[in-house]
Structures are given as structure tokens and as C-alpha cells.
Amino acid sequence: MEHLTPGLVSWASILERDTRAQAEQTAEMPFIHPHVALMPDAHLGLGATVGSVIPTLGAIIPAAVGVDIGCGMIAVRTQYAVDDLPRDRRPVREAIERAIPLNAGAANRSVSRDHTEERLQRLRELAAEAGFDPTTYAGRWELQLGTLGSGNHFIEVTADEGGGVWLFLHSGSRGVGNKIAQKHIAVAREACAGVDLPHRDLAYLTEGTEQFDAYIREMRWAQTYALLNREEMMDRVVRQFGEWVGGGVQRVEEINCHHNYTEPEHHYGRDVWLSRKGAINAEAGRPGLIPGSMGTASYVVVGKGDATSLNSAPHGAGREYSRTRARKTFTAADLRSAMVGIEYRDTDAFIDEIPAAYKDIDQVMADAADLVEVRHVLRQLVNVKGD
């Protein structure tokens, strides 16, 4: 841990100058209490740094929550061991790819399962309680429940250090969450039209205003959408995996956690809105998930409740190369070398997701030693991604 300025505390041993400068801008906002906490995986983001924890009094910065509201992880530990699995892993990858639409704009063709409709009905009811119609943001929001998206979102079959098999995936609130975020970021900019801001994406909404209340209602709905989206996909992954191994799947353990979200919490004697933009809740005893990149380890952890970090921990490896720079630097052959032994779809579309484009996850976890205890280290057997 390092105190960079009076309002900024960092756990990142690898911290680019531009990232630090961006975090310092956020820390200078007058309603920060007590400080911004930078996680070990911190890197540049929209307005606010990805991998930062931002506590605010009486205000909220929509861009500090991010555009993928509720993005996070879900993992299921099964009763199976690696030795129980068929040798050919390609069929399960292809089965998952058939069951779950993968790409950025992808949607289901129809809603055909009872568990999907049950989740959609819950979301309809919650939207009605929140006083808005999600269709005004995304006409296909219902058909996107149970879809992955692209970029760093993934589905994996993994094995822990003892050979136990886990199912693991990463996704968020899809198109509807993105549209909700973009709308309220724009509203915040309008609300701050006469305010001297360090950056326009640090525009904020003030508690007690109609704009603030509308954002909180819709943002919380999107967080629930993201949580249920992961549950829906995991149901499908479990079904496809069970058919592949030829037996039922016992969910020995299940963890579902956000890493792009805001919640009211109590820190340093005050009630704050705590925005974790690329960070997980690591209060004492709380289970969490920290993924690496598509060819490296992921971690099942439990929080230590470090007060200075605002009970937080990193959400992953964090990018070291932008997508554009990664595509200019690495090749499909480099990606194949990094993915030896892992079943994945071999395509140039994933070059910008090569493990070398990310920070060293082992270093990130070493930096987070005071924040979480590692329970399991997961290594990929099968990787599924969207273009």
C-alpha cells in the first residue's frame, strides 16, 4: 500500500503515469470521503480509472460506475475431477457456443425455458417498481438475457490445484445496461454544465435531485439484470457440461459477484456511495472471484476486510496494452503459443485478448495479499469467448 497523495491510496506496484494522473483527478473531487483506493490492476478508464474504489458523499459519478453496470463473475464448483472428463474437450466448447449467444450484439432467437422466463418476469416487475420501461433503452433486452458479449467476457471450464473442476464465466448487463449508463452519464454532464470539472466524465449527480434518484433506480435494476444474466448463462453451461460428461452436475459451491457497481456503505464514520469500478467487495469473510486473462490463472478468494482499501480487492489482471496496441504487437501465432493445452476457438479476433496484453496476474495477486486470502487457483481447460 502506498499513499500517493492525501486523497489517493494505491496497492498497484505497476502503475502507469497516465493512470495515476487520472486517479488523482478523481481524488480531487470535493465529495470524496475519505480517499480513492487504487487496486493492483488499475488502468485507464472512461473518466474514472478502472480498478478504483470511489467513496462519495451526497453525490455519485455515473462514469465511475462504468458503462457495463453490474459486470462481474460467477463460478460453480462441480463434483467432478479432471480425470472424470472426456479427453476431447472440443465438443463441450462447441456445445456452450451453441447454447449461449456470444458476440456484442448477439441475442437469443426466443425465450424457451421456464427459468429464463422466471428471471425475465422478475426483471419486468423490478422495472415497474423502479418506474421505467427497459425497452426504451434496448428493444431486445429480454432476448439478451443469457448472452455473453465480447471483449474480455468469457466462459471457462477450469481446474483447481486439487484437480477439482469449476465452471466460470464473466459478463454484465449487456446492451440495456450500457444504454442506461450512457444516458445518465449524459444527464450528469448536463447537470454539471456550469461546474469546473477536471474531466467532463467526472460529471456527477447530486443526492436529493430527481436525476440522482432516477439513476440509482435504473442502475440498481441493471445490476440485478447482470446478476441474473450470469445465473442464466451458468444454467446453460451446467446443462451442456452435464451432457458432455454424461451425468448430472452438483453445484458444490456457487459464487456470483459484481465488480462494476455502486452500493451505500459505511466507511470511516460516514455513510457513502461506494463505486467499485473494476473491484470486488472484499469485506472480511466474503467470497470473491478474480479472473486472469484467457490463458492464465483465475482465483477464488475470501476477503480480509482491509479498512484502508474500503473492503475492496482487484477484479482481474487489468490491461497493460490497449486493444489497438495489442493488435499491432502480437500475432495469432503468439496467441496459439499462449493457449497451448487449452481448448479454444482459434481466431484472429482474440489477438487483443492475448494474456501478454494484460498485467501479470501473479503480481496483481501478490499486491493484493493484504486484501484477500486465496482459496483456490483455477487453470483453464476450455475457453469460450465472443468475437
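According to my numbering, the sequence shown is numbered sequentially starting from 591.
From the three backbone atoms N, C-alpha and C, an ideal C-beta is built for every residue, glycine too.
Values in this document were obtained by computation on a predicted structure and should not be read as measured data.
Could you check if residue 907 is buried or exposed, using at least 16 other CB atoms within 10 Å of its CB as the buried criterion? buried
Taking the alpha carbon of residue 951 as the point to measure from, which residue in 860, 881, 937, 642 has its own alpha carbon closest? 881
Residue from 809, 777, 642, 700 with nearest C-alpha to residue 722: 809
Could you compute how far the alpha carbon of residue 905 sits from the alpha carbon of residue 965? 16 angstroms
Residue ranges of each beta strand (DSSP E) run of no fewer than 3 residues wholly in the region 744-778, ordered along the chain? Unbroken beta strand (DSSP E) runs of no fewer than 3 residues, entirely contained in the region 744-778, are found at 744-749, 754-761, following chain order.
Would you list the one or two residues that DSSP bridges to residue 878? Residue 878 pairs with 891.
Please state the DSSP three-state secondary structure of residue 932. coil
On the CB-based measure, 16 or more other CB atoms within 10 Å of its CB, does residue 763 come out buried or exposed? buried
Taking only beta-carbon positions, decide if residue 599 is within less than 8 angstroms of chain C. This model lacks chain C altogether; it includes just one protein chain.
Kindly list the residues whose CB is nearer than 7 angstroms to the CB of residue 619, restricted to its own chain and excluding five residues on each side of it in sequence; keep chain order. 792
Using C-beta distances below 8 angstroms, list every residue in its chain close to residue 854, excluding the 5 sequence neighbours before and after it, in chain order. 861, 862, 863, 864
Tell me the rounded alpha-carbon separation between residue 874 and residue 761. 25 angstroms
Can you give me the start and stop residues for the beta strand (DSSP E) that residue 846 sits inside? Residue 846 -> beta strand (DSSP E) spans 843-848.
Can you find the residues in the same chain that come closer than 7 angstroms, C-beta to C-beta, to residue 949, ignoring five residues on each side of it along the sequence? Once the five neighbours on either side are set aside, the close Cβ partners of residue 949 are 604, 631, 907, 908, 910.
Just mark residue 805 as buried or exposed, buried being the case when its beta carbon has 16 or more other beta carbons within 10 Å. buried
Give, in chain order, every unbroken run of the beta strand (DSSP E) that is at least 3 residues long and sits entirely within the region 811-863. 843-848, 850-857
Could you tell me if residue 702 is buried or exposed, where buried requires 16 or more neighbouring beta carbons within 10 angstroms of its beta carbon? Around the beta carbon of residue 702, a 10 Å sphere encloses fewer than 16 other beta carbons of the protein chains shown; the residue is thus reported as exposed.
Compare the beta carbon distance of residue 601 and residue 958 with 8 angstroms and say whether it is the shorter of the two. yes
According to DSSP, what are the bridge partners of residue 795? 650
Between which two residues does the alpha helix (DSSP H) containing residue 686 stretch? 680-689
So, is residue 885 buried or exposed, given that buried needs 16 or more other C-beta atoms within 10 angstroms? buried
With three or more beta-carbon pairs closer than 8 angstroms as the criterion, would you say the region 826-839 touches the region 666-683? Between the region 826-839 and the region 666-683, the count of Cβ pairs shorter than 8 angstroms is three or higher; the stretches touch.
How big is the Cα-Cα spacing for residue 634 and residue 673? 42 angstroms
Who are the Cβ neighbours of residue 599 in its own chain at under 8 angstroms, not counting the five residues just before and after it? 591, 592, 593, 625, 626, 627, 628, 898, 899
From the DSSP secondary-structure annotation, give me the bridge partner or partners of residue 948. 909
So what's residue 701 in DSSP terms, helix, strand or just coil? Residue state, collapsed to three classes: coil.
Which whole-angstrom value is the C-beta distance of residue 778 and residue 652, which I expect to be below 8 angstroms? That pair is a contact at about 5 angstroms.
Segment contact flag, the region 753-760 with the region 711-728, C-beta cutoff 8 angstroms, min 3 pairs: no
Does residue 800 come out as helix, strand or coil in the three-state DSSP assignment? helix
If you check the beta carbons only, do residue 664 and residue 821 fall under 8 angstroms apart? yes
Three Cβ pairs or more, each shorter than 8 angstroms: is that satisfied between the region 637-648 and the region 925-943? no
Taking residue 876 and residue 643 to be in contact with their CB atoms under 8 angstroms, please state how far apart those CB atoms are, rounded to whole angstroms. That belief does not hold up - the Cβ atoms of residue 876 and residue 643 are roughly 15 angstroms apart, past 8 angstroms.
Residues bridged to residue 904 (per DSSP): Paired residue(s): 869.
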